[in-house]
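Residue numbers (this note's numbering): 15 to 446. We put the beta carbon where it would ideally sit given N, CA and C, even for glycine. Some notes on the structure that comes next.
Below, the structure is given as structure tokens:
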């Protein structure tokens with residue numbers, strides 16, 4: 015780490031000069047040798063650097079959003095030219111050029127911050143050694159060595175030996191507790207910053223390998239910072255924790271005000287915009303007008319969040335215009351209200367009619383059943399009469415016992431068929 019930091023020694027002079035200027039301000043308030051004076055000087059250095067990097071941060075957000083939007087097209091190019099890597103690279107570069115996207119833009123804030131980070135590390139290492147550096151003369155170095163943040167010197171590290179900590183007039187237990195807490199906070203802030211970006215400002219309807227890589231980095235980066243943090247001085251931990259907190263707050267503001275299309279953040283943003291329009295009856299800011307104008311211009315290419323917004327706007331009686339304004343429209347409200355019943359086809363009345371028609375058909379079938387049964391019974395009786403007549407002619411004196419048994423059998427068989435209708439009279443042959 016010292017070797018890398020020495021490569022950025024050219025920037026140690028401006029970094030040390032900024033720290034000294036802030037130290038003069040805070041030293042007059044808290045005392046020149048206090049940890050508050052030196053700690054707040056480092057925090058102010060971070061704030062100043064991050065303010066200067068705001069344009070790069072905005073460019074990073076836009077580049078990340080463009081990369082997410084291009085993932086489906088990039089995936090199609092990879093599948094189309096998977097056997098020709100050179101053609102694949104050419105088509106990728108062509109796509110970047112057409113959309114004005116630079117994949118390296120997402121790394122610009124970190125790359126721009128790195129020289130200041132290593133320069134601060136180099137300054138604090140020299141303070142721990144008691145050496146002058148930049149504009150820090152020996153008296154300022156001695157003052158910085160005496161500064162403690164919650165009992166830990168700003169130049170001490172988690173891995174310092176007890177002798178090195180004792181030389182800075184501190185205890186090893188205090189140094190390790192303070193550095194451990196700051197390492198945990200630094201890693202946690204890094205994790206929640208990345209998680210906020212992935213969970214709220216990503217179009218979840220598009221599943222690509224890029225999203226999987228970002229999820230992996232969300233867990234890998236905090237671990238990397240935790241491992242590296244044990245070799246950072248307390249002052250550097252203050253620097254990195256401050257920049258993480260700044261990034262998290264800055265990113266939260268950007269996500270709330272300029273969310274990625276199709277993300278949860280956009281849905282929340284459009285709901286707030288709808289509430290504002292409903293309360294005031296107009297679009298009150300130019301930024302909101304630009305958002306509505308962009309949504310109207312998309313037409314059928316709107317995502318689900320934007321379609322819901324236009325529909326909800328129509329239900330409140332407003333119609334979005336091409337210039338980003340809204341006008342009162344009773345027609346839009348009537349169409350929005352009338353659209354709901356049409357989506358409930360087929361109507362329940364038609365279904366009820368079909369059911370009643372089925373019941374009527376069933377009743378008709380039941381009504382026809384006695385008729386069929388009666389016809390069957392009549393046919394059976396005719397057949398029995400035909401069979402009985404010859405027997406009467408040949409055997410006029412039939413024993414009563416046999417006749418009774420035959421009558422009972424026919425009656426029982428006839429009774430089994432006679433479920434409905436009148437019973438037929440007994441045949442004369444059954445009488446004695």
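- The alpha helix (DSSP H) runs lying completely inside the segment 240-300 and spanning 4 residues or more are 248-271 and 278-294, given in chain order.
- When secondary structure is reduced to three states using DSSP, residue 150 falls in the strand class.
- Straight-line spacing of the CA atoms in residue 35 and residue 155 works out to 14 Å.
- Spatial neighbours of residue 60 in its own chain (CB-CB distance under 7 Å, excluding positions within 5 residues in sequence) are listed in chain order as 253, 256, 257 and 260.
- When beta bridges are read from the DSSP output, residue 332 appears opposite 342.
- Within the segment 37-88, the complete alpha helix (DSSP H) runs of at least 4 residues fall at 49-66.
- The continuous stretches of alpha helix (DSSP H) do not include residue 25, and DSSP gives it neither H nor E.
- When the alpha-carbon of residue 32 is set against those of 148, 105 and 86, the nearest one is in 148.
- The C-beta of residue 231 has fewer than 16 other C-beta atoms within 10 Å across all chains shown, which makes the residue exposed.
- Of the residues assessed, residue 152 falls on the exposed side of the cut-off, its CB having fewer than 16 other CB atoms within 10 angstroms.
- Closest option to residue 186, judged by alpha-carbon separation, among 214, 166, 199 and 202: 166.
- In the DSSP annotation of this structure, residue 184 is not part of any alpha helix (DSSP H), being labelled neither H nor E.
- Selection 283, 100, 339 and 73 evaluated against residue 114 yields 73 as nearest (Cα-Cα).
- Taking all protein chains in view, the Cβ of residue 37 is crowded by 16 or more other Cβ atoms within 10 Å, so the residue is classified as buried.
- Rounded to whole angstroms, the separation of the alpha carbons of residue 283 and residue 276 is 11 Å.
- DSSP, read as helix, strand or coil, puts residue 163 in strand.
- Cβ contact annotation for residue 273 (same chain, cutoff 7 Å, sequence separation greater than five): 215, 279, 280 and 283, in chain order.
- Annotation for residue 250: 134, 135 and 138 place their beta carbon closer than 7 Å to its own, counting only its chain and skipping 5 residues before and after.
- As the crow flies, the alpha-carbon of residue 211 is around 43 Å from that of residue 181.
- Only residues of its own chain outside the window of five on either side were considered, and among them 113, 114 and 115 have a CB closer than 8 Å to the CB of residue 80, listed in chain order.
- Relative to the Cα of residue 235, the nearest Cα in the group 244, 248 and 208 belongs to 208.
- CA-CA distance, residue 247 to residue 48, rounds to 17 Å.
- For the pair residue 163 and residue 331, the CB atoms are not nearer than the 8 Å cut-off.
- Annotated three-state conformation of residue 171 is strand, per DSSP.
- Residue 335 places its beta carbon 8 Å or farther from that of residue 305.
- In terms of Cβ geometry, residue 132 and residue 63 do not form a close pair [threshold 8 Å].
- Nearest to residue 300 by C-alpha distance, out of 268, 109, 293 and 287, is 287.
- Between residue 126 and residue 67, the C-beta gap is smaller than 8 Å, which places the two residues in contact.
- For residue 203, the three-state secondary structure derived from DSSP is helix.
- Distances from the alpha-carbon of residue 327 to those of 318, 340 and 102 put 340 closest.
- Looking at 270, 204 and 168, the one whose alpha-carbon comes closest to that of residue 124 is 204.
- Rounded to the nearest angstrom, the Cβ distance from residue 239 to residue 196 is 11 Å, too far for a contact under 8 Å.
- For residue 101, the uninterrupted alpha helix (DSSP H) run begins and ends at 99-113, by DSSP.
- By the CB criterion at 8 Å, residue 338 and residue 303 fall inside the cutoff.
- Residue 98 and residue 92 have their alpha carbons spaced roughly 9 Å apart.
- Exclusion of the five residues before and after residue 27 leaves 148 and 149 as the residues of its chain whose Cβ lies within less than 8 Å of its Cβ.
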